[in-house]
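K.L.:
Here's a structure for you.
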Amino acid sequence: MNSGTFQKGHKRTFNKTCERCNENYTARSGNSKWCDNCRLILSICPVCGEQKDIYDETCGNSCAGKLKWERSEKLNSPWMKASQTPEVKKKRAISVGKAQRGKPRPERRGENNPNWKGGIYGTERHREMGRVEYINWRIAIFERDGYKCQICSQVGGDLNAHHIKSWKDFPELRLDVDNGITLCVECHKKVHRKRGK
Numbered sequence: 001m002n003s004g005t006f007q008k009g010h011k012r013t014f015n016k017t018c019e020r021c022n023e024n025y026t027a028r029s030g031n032s033k034w035c036d037n038c039r040l041i042l043s044i045c046p047v048c049g050e051q052k053d054i055y056d057e058t059c060g061n062s063c064a065g066k067l068k069w070e071r072s073e074k075l076n077s078p079w080m081k082a083s084q085t086p087e088v089k090k091k092r093a094i095s096v097g098k099a100q101r102g103k104p105r106p107e108r109r110g111e112n113n114p115n116w117k118g119g120i121y122g123t124e125r126h127r128e129m130g131r132v133e134y135i136n137w138r139i140a141i142f143e144r145d146g147y148k149c150q151i152c153s154q155v156g157g158d159l160n161a162h163h164i165k166s167w168k169d170f171p172e173l174r175l176d177v178d179n180g181i182t183l184c185v186e187c188h189k190k191v192h193r194k195r196g197k
């Protein structure tokens with residue numbers, strides 16, 4: 001049973017039972033749940049050993065994901081057990097290390113690359129959309145419309161600069177500010193569904 005007593009100087013202390021180890025202890029706060037020893041143990045992340053908030057299970061999202069992964073059923077599957085052997089982990093570490101160091105892979109260049117398109121960089125539209133003039137056109141549309149979807153009035157978020165008269169059919173109007181309108185992603189999809197494109 002938890003009870004409180006007044007001591008000299010009107011500081012109140014509470015005789016409590018630790019929720020973790022069931023030992024009796026004296027607390028200065030009525031909200032205290034753990035004795036000093038358990039509080040110290042609970043303030044260490046079980047994954048990385050760094051300091052954490054007592055009420056959180058881990059120190060952050062990275063450790064929370066690792067802990068969830070360790071507890072998952074996938075870890076007990078035969079495939080997962082095979083992929084966790086030291087040999088496989090070492091191979092994975094080496095291949096990731098090479099990718100991170102940015103070593104060139106000449107065997108995957110040019111025609112040997114699965115994304116090869118005959119030496120052509122994207123479509124004409126992709127090339128044009130990377131140019132400064134097009135980027136400035138988009139910014140001008142967004143600024144004119146106050147970064148607000150002109151259909152649903154969503155402000156900010158994922159916005160698209162939509163060509164009122166199509167890019168393909170009206171090449172002379174591609175960079176005309178009067179031929180653009182700001183739309184959110186959802187409204188942009190709806191407009192193209194209505195057009196049938």
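Counting along the sequence shown from 1, when you hit position 59 you're at 59 in the numbering used here, and nothing is skipped either side.
Note that beta-carbon positions come from the ideal geometry of N, C-alpha and C, so glycine has one too.
Treat the numbers as computed from the prediction; the structure is a model and nothing was measured.
Compare the C-alpha of R12 against each of C18, W137, R28 and name the closest.
P.N.:
R28
K.L.:
Just how far apart, CA to CA, sit K165 and N115?
P.N.:
32 angstroms
K.L.:
Going by other Cβ atoms of all chains shown within 10 Å of its Cβ, with 16 needed for buried, is W137 buried or exposed?
P.N.:
buried
K.L.:
Can you tell me where the alpha helix (DSSP H) holding R20 begins and where it ends?
P.N.:
Looking at the DSSP string, R20 is not in any alpha helix (DSSP H), and its letter there is neither H nor E.
K.L.:
Looking at the unbroken alpha helix (DSSP H) that takes in N136, where does it start and where does it end?
P.N.:
132-144
K.L.:
Excluding the 5 residues preceding and the 5 following F142 in the sequence, name in chain order all residues of the same chain whose CB lies nearer than 6 angstroms to its CB.
P.N.:
Only T182 meet the Cβ criterion.
K.L.:
In the structure shown, what three-state DSSP assignment does V155 receive?
P.N.:
strand
K.L.:
Can you check which of these residues, E19, D56, E107, is closest to C38 by C-alpha distance?
P.N.:
E19
K.L.:
Under 8 angstroms Cβ to Cβ from L177, same chain only, skipping five residues before and after it: list those, please.
P.N.:
In the sequence as presented, Leu is not what sits at residue 177; that position holds Val. Answer for V177: W137, A140, I141, R144, listed in chain order.
K.L.:
Using the Cα positions of L159 and I41, report the straight-line distance between them to the nearest angstrom.
P.N.:
48 angstroms
K.L.:
Let me know the secondary structure DSSP gives L183 once reduced to three states.
P.N.:
strand
K.L.:
If you compare alpha carbons, which of A161, F170, G119, I135 is closest to K189?
P.N.:
A161
K.L.:
Identify whether N237 lies in helix, strand or coil by the three-state DSSP scheme.
P.N.:
For the chain, the structure presents residues 1 to 197; residue 237 sits outside this window and is missing.
K.L.:
So, for V47: in the same chain, excluding its five sequence neighbours on each side, which residues have a beta-carbon less than 7 angstroms away from its beta-carbon?
P.N.:
The answer, listed in chain order, is T58, C63, K66, L67.
K.L.:
Under the DSSP definition of a beta bridge, which residues are partnered with H163?
P.N.:
G180
K.L.:
Could you check what DSSP says for N115 in three-state terms: helix, strand or coil?
P.N.:
coil
K.L.:
Return helix, strand or coil for I41, following the three-state DSSP convention.
P.N.:
helix
K.L.:
Might you give, ordered along the chain, the residues of its own chain that have their beta carbon closer than 8 angstroms to the beta carbon of F170, omitting 5 neighbours on each side?
P.N.:
Counting only Cβ-Cβ distances below 8 angstroms, and skipping sequence neighbours, we find H163, N179.
K.L.:
Does the Cβ of R193 have 16 or more other Cβ atoms within 10 Å, making it buried, or fewer, making it exposed?
P.N.:
exposed
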